[in-house]
Amino acid sequence: MHPIRTSLPRALLGEAPRYDASSSTLSWVDLLAGHLWIAHVRPDAPLHAWLSEPTLLAELPAPLSCAVRAGGDDDWILAVGGAVVRWSPETGPTVLAELEPDAGRTRLNDGAVDAAGRFWVGSMGVRRPLEPLGRLHVLDGCSPARAGVRLEGLLAANGIAWSPDGTITYVVDSGRRLIHRLRTGAASPLEPAGPPLGVPAGTPDGIVVDGEGCLWVALWDGGSVVRLSPEGGGLARVDLPCSRPTACALIGSRLLVTTAQVTGEEGSGRTYAMDVEAGGPPANRASLLPGPG
Numbered sequence: 494m495h496p497i498r499t500s501l502p503r504a505l506l507g508e509a510p511r512y513d514a515s516s517s518t519l520s521w522v523d524l525l526a527g528h529l530w531i532a533h534v535r536p537d538a539p540l541h542a543w544l545s546e547p548t549l550l551a552e553l554p555a556p557l558s559c560a561v562r563a564g565g566d567d568d569w570i571l572a573v574g575g576a577v578v579r580w581s582p583e584t585g586p587t588v589l590a591e592l593e594p595d596a597g598r599t600r601l602n603d604g605a606v607d608a609a610g611r612f613w614v615g616s617m618g619v620r621r622p623l624e625p626l627g628r629l630h631v632l633d634g635c636s637p638a639r640a641g642v643r644l645e646g647l648l649a650a651n652g653i654a655w656s657p658d659g660t661i662t663y664v665v666d667s668g669r670r671l672i673h674r675l676r677t678g679a680a681s682p683l684e685p686a687g688p689p690l691g692v693p694a695g696t697p698d699g700i701v702v703d704g705e706g707c708l709w710v711a712l713w714d715g716g717s718v719v720r721l722s723p724e725g726g727g728l729a730r731v732d733l734p735c736s737r738p739t740a741c742a743l744i745g746s747r748l749l750v751t752t753a754q755v756t757g758e759e760g761s762g763r764t765y766a767m768d769v770e771a772g773g774p775p776a777n778r779a780s781l782l783p784g785p786g
């Protein structure tokens, strides 16, 4: 596994790469710039030519911590500050839910969509040292009337992913340098499915689960991405020419990794890609269902 630098633009803090199979597009955000980007994917092309020239789709207030597709190709669900926002090129932004309204204490962070189309998004404290104010939210139908909290007391909720059969929910707490394994369900809080997973070095950030049920974890300040078994055993490690990988996505059997800029690191803020042995499914789209009332 040899990472190559893609031609995608350098980010201040690249995050939330997502591959949408129906539109054959990759999306990602620059959290600190408030930018949402997309690029078309040519899955069968050589690695150096598989991404089109990127398009800056939206400029929003920072922090823009994640973006997922919803409904049609032009519908997006975004985490902007403490709010979940619906956005399209025609309508612009519409706030759906203020999940973390106290901007001086907390903000939303990474999010993902499960197989049922529900949008899950974590939050974190913004002050240092971090306080256990982070929560794991879920919105069914992206409706505030169907919003709930499934976990509390996190320092910095981050990457969210599911086992291939959907029974295990993985949630990163970057503040504690661990990955929670939780039983997917309606319980609040979600029940542990086993002890949390640790990482060999650095801080776990974004995650993705491959078709074999193993986790790919971006290690902030660890300069690498690691592949872990469902029990946490180390299976592979890919070193990158920068210290702060932030998130990863599987596009078939190719792994894409975003990073954050670091002063003095020429390779930082870039996006990298590599061929891997185990592929993974594309991202799910969020359901946009009318809420009661």
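Each residue of the sequence shown is one higher than the one before, starting from 494 at the first, in the numbering used here.
Beta carbons are placed, not taken as given, at the ideal position from N, Cα and C, and that holds for glycine.
When Cβ pairs closer than 8 Å are counted between the two stretches, the stretch 684–704 is seen to touch the stretch 647–665, the count reaching three or more. The beta carbon of S581 is closer than 6 Å to those of D567, D568 in its chain, skipping five residues each way along the sequence.
If the five residues before and after A640 are omitted, its C-beta is found closer than 6 Å to the C-beta atoms of A590, L632, all from its own chain and listed in chain order. The beta carbon of L540 sits closer than 8 Å to those of I497, R747, A766, M767, D768, all from its chain and outside the five residues before and after it, given in chain order.
By the Cβ test, the stretch 554–563 is in contact with the stretch 499–514, since at least three Cβ pairs between them sit closer than 8 Å. Taking T599 as the centre and dropping the five residues before and after it, the same chain places the C-beta of E593, S616, G618, L626 closer than 6 Å to its C-beta, in chain order. Separation of A742 and W530 (C-alpha to C-alpha, rounded to the nearest whole angstrom) is 15 Å.
Beta-bridge partners of D513 (DSSP): T518. Boundaries of the beta strand (DSSP E) harbouring G641: 640–647, taken from the DSSP string. In the three-state DSSP reduction, D666 falls in the strand class (E or B). Between R763 and L601, the gap from beta carbon to beta carbon reaches 9 Å or more. Counting the other Cβ atoms within 10 Å of the Cβ of R643 gives 16 or more, which makes it buried. Three or more Cβ pairs closer than 8 Å define a contact, and the stretch 674–685 falls short of that threshold against the stretch 706–722. At the C-beta level, T548 and A532 come within 9 Å of one another. By alpha-carbon distance to A776, the top candidate from G610, G695, G597 is G610.
Comparing alpha carbon positions, the residue from A608, L675, D666, G773 closest to V701 is G773.
Secondary structure note for W613: its beta strand (DSSP E) is the uninterrupted segment 612–618. One thing to note: V718 has its Cβ no nearer than 9 Å to the Cβ of G727. Counting only the Cα atoms, P723 lies some 11 Å from W655.
In terms of Cβ geometry, A551 and H528 form a close pair [threshold 9 Å]. In this model, V755 and L671 are separated by some 23 Å (Cα to Cα).
Per the coordinates, the alpha-carbon of L648 lies some 7 Å from the alpha-carbon of R669.
Scanning its chain for C-beta atoms nearer than 6 Å, with the 5 sequence neighbours on each side dropped, one finds around R628 the residues S616, V642, E645, in chain order. Beta-bridge partners of V561 (DSSP): I570.
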